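Written below as structure tokens is the structure these notes are about.
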Amino acid sequence: MLRYEDINDISDGRLYRAEDKALLGTNGCKGCSHCCRSDMGASIVLTPYDIYRLTLGTRKSFDELLVNMLVEISLIDGIALPHLKMDGGCGFLVDERCSIHEYRPGICRLFPLGRLYKDKGFDYILQTGQCIRESRTPVVISDWLGEEDLPKNEAFINKWHGFLEFEKKKINEIREFTAVEAERIKGLADKELLEYASIVGDDIEPSEKKLQSYRKEKPEELYEEAEDRVKDLMKIVLSELYMQPYDQSGDKDFYEQFNEKLKSVIRMIRTV
Ligand code: SF4
Ligand code: SF4
């Protein structure tokens, strides 16, 4: 988590709200596409809302965005998340312009702003050393973001951020529980190890040699099972919140659908 001194390293040190003005105006970035051409790796992480907008705007499914190598999935901070593929530049940059300007991802909308999350909610920060345009003009942040319904969008961002923390916590719990169990097994005496094997349904001969190899192999098996559970958990999130299409007919807005899907994903994750 960023500390206040870190904020001063990467921003002008101020915390902004949506109604504040910040030095953002780049005159439409005329003649410059520097940040879209940078080799930014996995830094433009996509939320489910970004994918909703992108699939709607490009008329491409999530799978097609992956196949066309515009989007890829990587482990980011320990969890599998989609992001723009930025090897040497963004695939949506055409003739030095963003070809998806109207439905560009949230991080592109923010730039050069960032978000600083607090216990509840977040503040905007103005990152320094990012936009190379020296003279920028003041713009009200809500105008800069151009979100149709900014309060709803901010509530979604908070919920999404909270969910990612929950996902990370769940993954850590699986790994920590497994590590404790694996260490416990390694320390069991032969008699206790036999009892343990019978409880978990493993049929082993009570010879010293067999018990020795069981003591070594069982923890490895548990670690493998734990990683399978972690993968299953991440697959649920990707599948339910990104890959399964959202209704785009307009009957229900994205946020309403996301809230319903999130509830069911949390239920599914709890049983992994
Ligand atoms: S989506 Fe558009 S604004 Fe974002 S990096 Fe790609 S070209 Fe640039
Ligand atoms: S570096 Fe600044 S001026 Fe250049 S494309 Fe990015 S935001 Fe626009």
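Just so you know, we're using the working numbering here: the sequence shown kicks off at 1 and counts up by one. For every residue, glycine included, the Cβ atom is placed at its ideal position computed from N, Cα and C. In this text, all values refer to a predicted model and were calculated from it rather than measured experimentally.
- In the DSSP secondary-structure assignment, M69 is not bridged to any residue.
- Around the beta-carbon of E260, fewer than 16 other beta-carbon atoms lie within 10 Å, marking it exposed.
- Judged by beta-carbon spacing, V272 lies within the 7 Å limit of D232, meaning their Cβ atoms are closer than that value.
- Per DSSP, the beta-bridge partners of Y124 are Y16 and R115.
- A straight line joining the alpha-carbon of R229 with that of V140 spans about 45 Å.
- Judged by beta-carbon spacing, L84 lies within the 7 Å limit of C90, meaning their Cβ atoms are closer than that value.
- Excluding residues up to 5 positions away in sequence, V71 lie with their Cβ nearer than 6 Å to the Cβ of L65 in the same chain.
- Annotated three-state conformation of V140 is strand, per DSSP.
- With a contact defined as Cβ atoms closer than 8 Å, I51 and Y214 miss out at about 46 Å.
- With 5 Å as the limit, the residues whose C-beta approaches any heavy atom of ligand 1 more closely are C36, C90, F92, L93, C98, R104 and C108, in sequence along the chain.
- Taken from the Cβ of I132, at least one heavy atom of ligand 2 lies inside 6 Å.
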